[in-house]
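Peer 1: Protein chains in written order, with our numbering: chain A, 720 to 958; chain B, 720 to 958.
In this text, a Cβ means the ideal position worked out from N, Cα and C, and glycines have one as well.
Since we're looking at a predicted model, the values are computed, not measured.
My questions all concern the structure below.
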DNA sequence: CCCTGTCTGTGCGGTAACGAACATAGCGCG
DNA sequence: CGCGCTATGTTCGTTACCGCACAGACAGGG
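Okay, structure coming up:
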């Protein structure tokens, strides 16, 4: 786990001023994040924030009837627990590990100490939050107007950007839950993508073969989000 | 315009510390906001923020092909231009006046001066932003899972909460643009609501007759958003 | 090596919303 | 007072996705 024990794998941590990162470093706990693990429940007060490195976490809203929809994806470009510094302490959504891996955990009060200095750390976190807002907005637009095919492409690309490989370990069932659609729909859409030679998958592992091809089939939503992350965080969202 | 010339009609302004409000007061310009007026365009740098009092403004994303979808509604409970203090200066969405009325305009640098003090004003604005995030998230969920009927109810209620009457001046065409659906769909859904005795409408004016009835037909999304606004801002979103 | 569970594929009827075309109806202005 | 514009109503075929049911297929453990 040598290479993976490096906080700078998380782009937000890497973008912190060196002094702050040093100050944090002894408090950053490397944490293994397992598939399906819930980092926080709706309404729950936060004790820690998380900085994913090799994992992906979804912000998911689960409805009364049990069906769900993903609101945003957070990976090595971001942080989980923004409601901490936004002042609400909690959100109505749930944070679920969508792709197993590692991340760093930091006690809430330590982050808040830095945030409250109203310096570069605060501004970085707020810019990240704005990028996240864009992602959420675009999710809303995409849910309204785009086909399952397009959405699947967008989703694959967003997930891929948050890892450092072109493999995703996730079943179609899981993807369906994230997109808030039927599993069969994902099977069909993924089948088309595979036939078109863009991806390859088998039993829970998806490999992207032709990334430009995927981008061509995705709706504009992907590009909008990517561009905004790049603009606001000036490091590429891509691993 | 006597009664309408009172900044405290905007709940966010009203919640400011008295000293700050006093400091702002000579700089708050009462502004008439006309139907369809664009307060800011995607990507445009902000010179002012807006505090609606009797108007409603939609955050709208307009796609390449011209169709659109509303991301959030801002009325007398909020502020337009959060990307200013979030640090991005602009957003990919557009702010369009959805219901004509008044609001106050404040120069960006004046707001930033207060925000940068990292005191109660900043915390208030951030809590508002988190509430707005909830609204956006729930829009995404609603777009995914709920019927046009349910969405129309949610939307009417959200709009109503941001005015001080039970009348809305807007055509079905306009509502369709906001919801990102066909006008005919709105006609049909609104027809059902009228038949059920919940609303009454004619030529661009909608009157809500049975509000509890509307709430009963709305999806859970409305309640989630309302509750979160109340929780985070501790003043009711309702006019 | 088979058995079991998980993952993926497929077919079917049902439905909500779509796109387009067109019909009515109220309002305002000349 | 009627003409024209805007708002609303209605129809029809099409489509994307749903819910359900079930069939194959691959993997790992006993």
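1. Under 7 angstroms, CB to CB, which of the residues in the stretch 853 to 866 of chain A have a partner in chain B?
2. With a threshold of 16 other CB atoms inside 10 Å of the CB of residue 736 of chain B, please say whether the residue is buried or exposed.
3. Do you know offhand how far residue 728 of chain A's Cα is from residue 940 of chain A's?
4. Compute the Euclidean distance between the alpha carbons of residue 771 of chain B and residue 795 of chain B, then round it to the nearest angstrom.
5. Just mark residue 922 of chain B as buried or exposed, buried being the case when its beta carbon has 16 or more other beta carbons within 10 Å.
6. Going by the beta-carbon positions, is the gap between residue 891 of chain A and residue 791 of chain A smaller than 8 angstroms?
7. Output, in sequence order along the chain, the residues in the stretch 790 to 809 of chain A whose CB is closer than 7 angstroms to any CB in chain B.
8. Considering only DSSP beta bridges, list what residue 752 of chain A is partnered with.
9. Please report whether the beta-carbon of residue 677 of chain B lies at a distance below 8 angstroms from any beta-carbon of chain A.
10. Is residue 903 of chain A close to chain B, meaning its C-beta is less than 8 angstroms from at least one C-beta of that chain?
11. Is any beta-carbon of chain A found at less than 8 angstroms from that of residue 840 of chain B?
12. What whole-angstrom Cβ distance do residue 769 of chain B and residue 811 of chain B have, given they're in contact under 8 angstroms?
13. Taking the alpha carbon of residue 748 of chain B as the reference point, which residue from B:767, B:738 and B:809 has its own alpha carbon closest?
14. By the 10 Å Cβ neighbour count, where 16 or more other Cβ atoms means buried, how is residue 926 of chain B classified, buried or exposed?
15. Spatial neighbours of residue 943 of chain B within its chain, please: CB distance less than 6 angstroms, with the 5 preceding and 5 following residues excluded, ordered by chain position.
16. Residue 731 of chain B to residue 903 of chain A, Cα distance in whole Å?
17. Measuring alpha carbon to alpha carbon, tell me which residue in B:886, B:897 and B:885 is nearest residue 871 of chain B.
18. Taking just the CA atoms, how far does residue 924 of chain A sit from residue 933 of chain B?
19. Using a Cβ-Cβ cut-off of less than 7 angstroms, give me the residues of the stretch 931 to 951 of chain B that come near chain A, in sequence order.
20. Mind checking which residues open and close the beta strand (DSSP E) that includes residue 789 of chain A?
21. Using the beta-carbon count (16 or more within 10 Å), is residue 828 of chain B buried or exposed?
22. Output, in chain order, the set of chain A residues within a Cβ distance shorter than 8 angstroms of residue 835 of chain B.
23. Could you tell me how far apart the beta carbons of residue 832 of chain A and residue 889 of chain A are, in whole angstroms, since I believe they sit closer than 8 angstroms?
24. Helix or strand or just coil, what does DSSP make of residue 958 of chain B?
25. With DSSP as the reference, identify every bridge partner of residue 771 of chain B, one or two as the case may be.
26. State the DSSP-derived secondary structure class of residue 888 of chain A, mapped to helix, strand or coil.
27. Expressed to the nearest angstrom, what Euclidean distance is found between the alpha-carbon atoms of residue 920 of chain A and residue 820 of chain A?
28. Alpha carbon to alpha carbon, how far is residue 734 of chain A from residue 950 of chain B? Give it in angstroms, no decimals.
29. Starting from the Cα of residue 813 of chain A, find the closest Cα among A:852, A:864, A:761 and A:746 and give me that residue.
30. Spell out the partners DSSP gives residue 925 of chain A in its beta bridges.
31. From the DSSP output, in three-state form, read off residue 930 of chain A for me.
32. Near residue 721 of chain A, which residues of its chain fall below 7 angstroms by C-beta distance, leaving aside the five closest residues on each side in sequence?
33. Could you give the distance in angstroms between the alpha-carbon of residue 947 of chain B and the alpha-carbon of residue 850 of chain B?
34. Specify, as a first and last residue, the run of the beta strand (DSSP E) that residue 758 of chain A falls within.
35. Helix, strand or coil for residue 829 of chain B, going by three-state DSSP, please let me know.
36. Any beta carbon from chain B within less than 8 angstroms of residue 788 of chain A's own beta carbon?
Peer 2: Well, looking at it:
1. Listed in sequence order: 853, 855, 856, 858, 859, 860, 862, 863 and 864.
2. Here residue 736 of chain B refers to the residue found at position 17 of the second chain. Exposed: under 16 other Cβ atoms inside 10 Å.
3. Here the question's residue 728 of chain A lines up with position 9 in the first chain. Here the question's residue 940 of chain A lines up with position 221 in the first chain. Approximately 26 angstroms between the Cα atoms of the pair.
4. The count along the second chain starts at 1 and reaches residue 771 of chain B at position 52. The count along the second chain starts at 1 and reaches residue 795 of chain B at position 76. In this structure, the straight-line span from the alpha carbon of residue 771 of chain B to that of residue 795 of chain B is close to 5 angstroms.
5. By one-based count along the second chain, residue 922 of chain B stands at place 203. It is exposed - the Cβ of residue 922 of chain B has fewer than 16 other Cβ atoms within 10 Å.
6. For this step, residue 891 of chain A is matched to residue 172 along the first chain. For this step, residue 791 of chain A is matched to residue 72 along the first chain. The answer is no: Cβ separation not under 8 angstroms.
7. 790, 802, 805, 806 and 807
8. One-based indexing of the first chain puts residue 752 of chain A at position 33. Its beta-bridge partners are A:820.
9. What the structure shows of chain B is the stretch from 720 to 958, and residue 677 of chain B is not part of that stretch, so it cannot be assessed.
10. One-based indexing of the first chain puts residue 903 of chain A at position 184. By this cut-off, residue 903 of chain A is not an interface position.
11. Within the second chain, residue 840 of chain B is the residue found at index 121, counting from 1. Chain A places no beta carbon closer than 8 angstroms to that of residue 840 of chain B, leaving this residue out of the contacts.
12. Taking the first residue of the second chain as 1, we reach residue 769 of chain B at position 50. Taking the first residue of the second chain as 1, we reach residue 811 of chain B at position 92. About 19 angstroms separates the two Cβ atoms, so there is no contact after all.
13. Here the question's residue 748 of chain B lines up with position 29 in the second chain. That would be B:767, whose Cα lies nearest to the Cα of residue 748 of chain B.
14. For the purposes of this step, residue 926 of chain B is taken as the residue at position 207 of the second chain. Exposed: under 16 other Cβ atoms inside 10 Å.
15. To locate residue 943 of chain B, count along the second chain from 1; it is residue 224. In the same chain as residue 943 of chain B, and ignoring 5 residues on each side of it, the C-beta atoms closer than 6 angstroms to its own belong to 857, in chain order.
16. Here residue 731 of chain B is taken as the residue at index 12 of the second chain, counted from 1. Here residue 903 of chain A is taken as the residue at index 184 of the first chain, counted from 1. Approximately 46 angstroms, taken between the alpha carbons.
17. Numbered from its first residue, the second chain carries residue 871 of chain B at position 152. The closest CA to that of residue 871 of chain B, considering only B:886, B:897 and B:885, is found on B:897.
18. Taking the first residue of the second chain as 1, we reach residue 933 of chain B at position 214. Taking the first residue of the first chain as 1, we reach residue 924 of chain A at position 205. For residue 933 of chain B and residue 924 of chain A, the distance between alpha carbons rounds to 45 angstroms.
19. 939, 943, 947 and 951
20. Counting from 1 along the first chain, the entry for residue 789 of chain A is found at position 70. Where residue 789 of chain A is concerned, the enclosing beta strand (DSSP E) stretches over 787 to 793.
21. For the purposes of this step, residue 828 of chain B is taken as the residue at position 109 of the second chain. Exposed.
22. Within the second chain, residue 835 of chain B is the residue found at index 116, counting from 1. Those within 8 angstroms of residue 835 of chain B in chain A are 837.
23. Within the first chain, residue 832 of chain A is the residue found at index 113, counting from 1. Within the first chain, residue 889 of chain A is the residue found at index 170, counting from 1. Not quite, the Cβ-Cβ distance comes to about 36 angstroms (not below 8 angstroms), so this is no contact.
24. Within the second chain, the letter at position 239 stands for residue 958 of chain B. Its pLDDT being 41, under 50, residue 958 of chain B is placed unreliably by the model, and the measurement read from it follows with that caveat. Coil.
25. In the second chain, residue 771 of chain B corresponds to position 52, counting from 1. Per DSSP, B:822.
26. Working through the first chain from its first residue, we reach residue 888 of chain A at position 169. DSSP, read as helix, strand or coil, puts residue 888 of chain A in strand.
27. Start at 1 with the first residue of the first chain, and residue 920 of chain A comes out as number 201. Start at 1 with the first residue of the first chain, and residue 820 of chain A comes out as number 101. Taking the straight line from one Cα to the other gives about 20 angstroms.
28. Taking the first residue of the second chain as 1, we reach residue 950 of chain B at position 231. Taking the first residue of the first chain as 1, we reach residue 734 of chain A at position 15. Spanning the two alpha carbons is a distance of roughly 33 angstroms.
29. Within the first chain, numbered from 1, the residue matching residue 813 of chain A stands at position 94. The option with the nearest alpha carbon to residue 813 of chain A is A:761.
30. Translated into the one-based positions of the first chain, residue 925 of chain A becomes position 206. Residue 925 of chain A pairs with A:887 and A:920.
31. What you label residue 930 of chain A is simply residue 211 of the first chain in a count that begins at 1. Note: residue 930 of chain A maps to helix in three-state DSSP.
32. In the first chain, the residue the question calls residue 721 of chain A occupies position 2. The predicted position of residue 721 of chain A is uncertain, since its pLDDT is 46 and thus under 50; a value taken from the coordinates is nonetheless stated next. Answer for residue 721 of chain A: no residue qualifies.
33. Counting from 1 along the second chain, the entry for residue 947 of chain B is found at position 228. Counting from 1 along the second chain, the entry for residue 850 of chain B is found at position 131. Straight-line Cα distance between these residues: approximately 6 angstroms.
34. Indexing the first chain from 1 puts residue 758 of chain A at position 39. Its beta strand (DSSP E) spans residues 757 to 759.
35. Sequence index remark: in the second chain, residue 829 of chain B carries index 110 (1-based). Correct three-state label for residue 829 of chain B: helix.
36. Residue mapping note: residue 788 of chain A aligns to position 69 of the first chain, counting from 1. With 8 angstroms as the cut-off, residue 788 of chain A counts as an interface residue toward chain B.
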